[in-house]
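K.L.:
This is the structure I have questions about; it appears just below.
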Amino acid sequence: LIATRVPADVRALTAPPAVERAWALALGRRLHDEWEVPWDLLATTPTAAKERLLGRLVARAAAGAAGAPRPRLLVAHVQHGLGNRLRAYGSAAAYAAATGRELLVVWQADAHIAAAWTDLFDDADHVVLPSFLPKWPDVTGGAAWDAAWATFSFHNYMEMDGGGAVKGHPIPAQPTKSLYFKGAYVMEPTDGALSTWEDANAAIRALTPVPAVTAAVDGHVAAGLPRRVGVHIRAKSLASDIEAVPDAAAEYGAAATATMQRWRSAASVATFAAEMRALAAAAPGTTFYVAADTAAAAAALRAAFPAAVDDERRACDGRDAACVRHALVDLLCLARTRELLGSNWSSFTEAAVRLGAPRPR
């Protein structure tokens with residue numbers, strides 16, 4: 329018999345949304361049933377990221393020795409603002425690479441940062457979840473509703489979460505376990521060689537910013553950025569910093585709040601202006617790139633040093649996506665300056681150094 333007609337592909341007979349849902353479910357079933365990825369994770373993993381994760385797990389298994397345990401995961405649930413999240417991300421990425429785990433990043437919009445990962449970085453090489461459904465500490469008992477959670481070890485450094493969360497708790501080598509790590513800080517494995525300063529920084533530097541960010545940085549480079557002294561001012565009081573965080577002590581703890589406020593009080597515009605004047609007096613013609621946590625601070629320094637200050641000229645001081653994108657531009661620009669005047673106890677100054685800036689004065 330010779331067919332006179334080729335039947336239409338079933339996908340052509342099905343509404344596209346139904347096809348997409350079926351494909352996402354099929355990917356989820358395989359990741360869950362064959363690779364022990366919990367449904368709680370899969371529920372918020374974009375389809376393209378599921379495809380990427382499955383392909384990598386299959387490739388890892390194929391490259392492994394016969395009888396080797398199946399590849400495991402490291403779920404890095406990064407917290408707080410941009411500098412903190414990059415610090416936690418870099419540490420987790422280094423640990424995942426050193427221990428042969430696949431990295432999943434939970435980058436969830438909250439009071440500290442409203443920007444999605446895709447507002448800032450290209451996501452073609454990463455598995456990023458925009459939200460995480462289980463609550464802490466409930467997730468530690470997740471095996472009661474999904475056996476895949478039994479393959480996980482849980483490490484939460486966000487002490488204000490309670491439920492056994494301890495900042496800096498040592499993370500032992502557990503080669504047969506997947507890891508869930510929640511933090512705004514570096515991971516602290518019992519073997520420090522598994523997540524070093526250098527490897528974590530290399531992971532952060534390997535991120536690809538979205539084109540708009542790259543274009544903005546390129547504009548500052550063309551205006552002489554590599555010859556400038558970087559200036560980062562973190563002076564905004566905790567009481568006025570994040571509108572959705574009215575009680576800093578409840579968010580960070582009383583001791584941490586007192587320490588942060590002390591250093592922010594010291595990082596005044598006047599303090600930085602004095603340092604800038606000293607540099608300009610010692611080397612006439614010195615120019616600066618200013619990144620400040622308020623537009624008013626940057627404007628004050630532009631007025632004090634006419635024609636010597638470059639900055640993002642942003643009109644926002646908040647945590648919305650557009651403003652956080654400006655902050656990423658600031659970080660990348662500070663990283664390209666020849667010298668850095670930074671703010672003590674600031675994860676943002678630290679992030680600039682991790683991205684390549686000189687150690688701050």
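Per the numbering used here, the very first residue in the sequence shown carries number 329; after that it's consecutive. Cβ coordinates follow ideal geometry from the N, Cα and C atoms, glycine included.
Using the DSSP secondary-structure output, state which residues sit across from I499 in a beta bridge.
P.N.:
P517
K.L.:
Look at the alpha carbon of L662 and the alpha carbon of F480, and state the distance between them as a whole number of angstroms.
P.N.:
Rounded to the nearest angstrom, the two C-alpha atoms are 38 Å apart.
K.L.:
Could you check where the beta strand (DSSP E) with E430 kicks off and where it finishes?
P.N.:
For E430, the enclosing beta strand (DSSP E) has its first and last residue at E430 to V434.
K.L.:
Which residues does DSSP pair with D638 in a beta bridge?
P.N.:
Y617
K.L.:
Pick out whichever of V549, D453, D575 and W435 has its Cα sitting closest to the Cα of T536.
P.N.:
D453
K.L.:
Just how far apart, CA to CA, sit Q436 and S675?
P.N.:
Using only the alpha carbons, I get a separation of about 19 Å.
K.L.:
Which two residues bound the contiguous beta strand (DSSP E) that contains E362?
P.N.:
No beta strand (DSSP E) holds E362; the alpha helix (DSSP H) holding it covers P344 to W363.
K.L.:
Report yes if the CB atom of T518 is closer than 8 Å to the CB atom of A501, and no otherwise.
P.N.:
With respect to A501, T518 sits close: the two C-beta atoms are nearer than 8 Å.
K.L.:
Using the C-alpha atoms, what's the distance from A478 back to Y508?
P.N.:
12 Å
K.L.:
From R653 to M486, what does the alpha carbon distance come to, in whole angstroms?
P.N.:
25 Å
K.L.:
Smallest Cα separation from L270: which of Y423, A394, D489 and A476?
P.N.:
Only positions 329 to 689 of the chain appear in the structure, and residue 270 is not among them; the question remains open.
K.L.:
Return the CA-CA distance between V545 and G684, expressed in angstroms with no decimal places.
P.N.:
14 Å
K.L.:
For L668, which residues does DSSP report across the bridge?
P.N.:
G558
K.L.:
Please list, in chain order, all residues of the same chain as L381 whose beta carbon is under 6 Å from its beta carbon, the five residues on each side excluded.
P.N.:
Closer than 6 Å at Cβ, skipping near neighbours: V455.
K.L.:
Is A377 helix, strand or coil when you go by DSSP?
P.N.:
helix
K.L.:
R333: beta carbon under 7 Å from a heavy atom of the ligand SAM?
P.N.:
The ligand SAM is not part of this structure, which contains no ligands at all.
K.L.:
How about V403 and L385: do their beta carbons lie closer than 8 Å?
P.N.:
no
K.L.:
Can you tell me whether V597 is helix, strand or coil according to DSSP?
P.N.:
helix
K.L.:
In terms of alpha-carbon separation, which member of G558, A391 and Q407 lies closest to G428?
P.N.:
A391
K.L.:
Assign W363 to one of two classes, buried (16 or more other C-beta atoms within 10 Å of its C-beta) or exposed (fewer than that).
P.N.:
buried
K.L.:
Excluding five sequence neighbours on each side, which residues of the same chain lie with their C-beta closer than 7 Å to the C-beta of V549?
P.N.:
R664
K.L.:
Can you list, in chain order, the residues of its chain whose CB lies under 6 Å from that of T468, leaving out five sequence neighbours each side?
P.N.:
F482
K.L.:
Tell me, please, which residues DSSP counts as bridged to L410.
P.N.:
According to DSSP, L410 bridges with nothing at all.
K.L.:
Do V541 and L607 have their CB atoms nearer than 8 Å?
P.N.:
Taking 8 Å as the cut-off, the beta carbon of V541 is found no closer than this to the beta carbon of L607.
K.L.:
Classify Y508 as helix, strand or coil using the three-state DSSP reduction.
P.N.:
strand
K.L.:
Nearest by alpha-carbon distance to P686: which of G581, P554 and A586 is it?
P.N.:
P554
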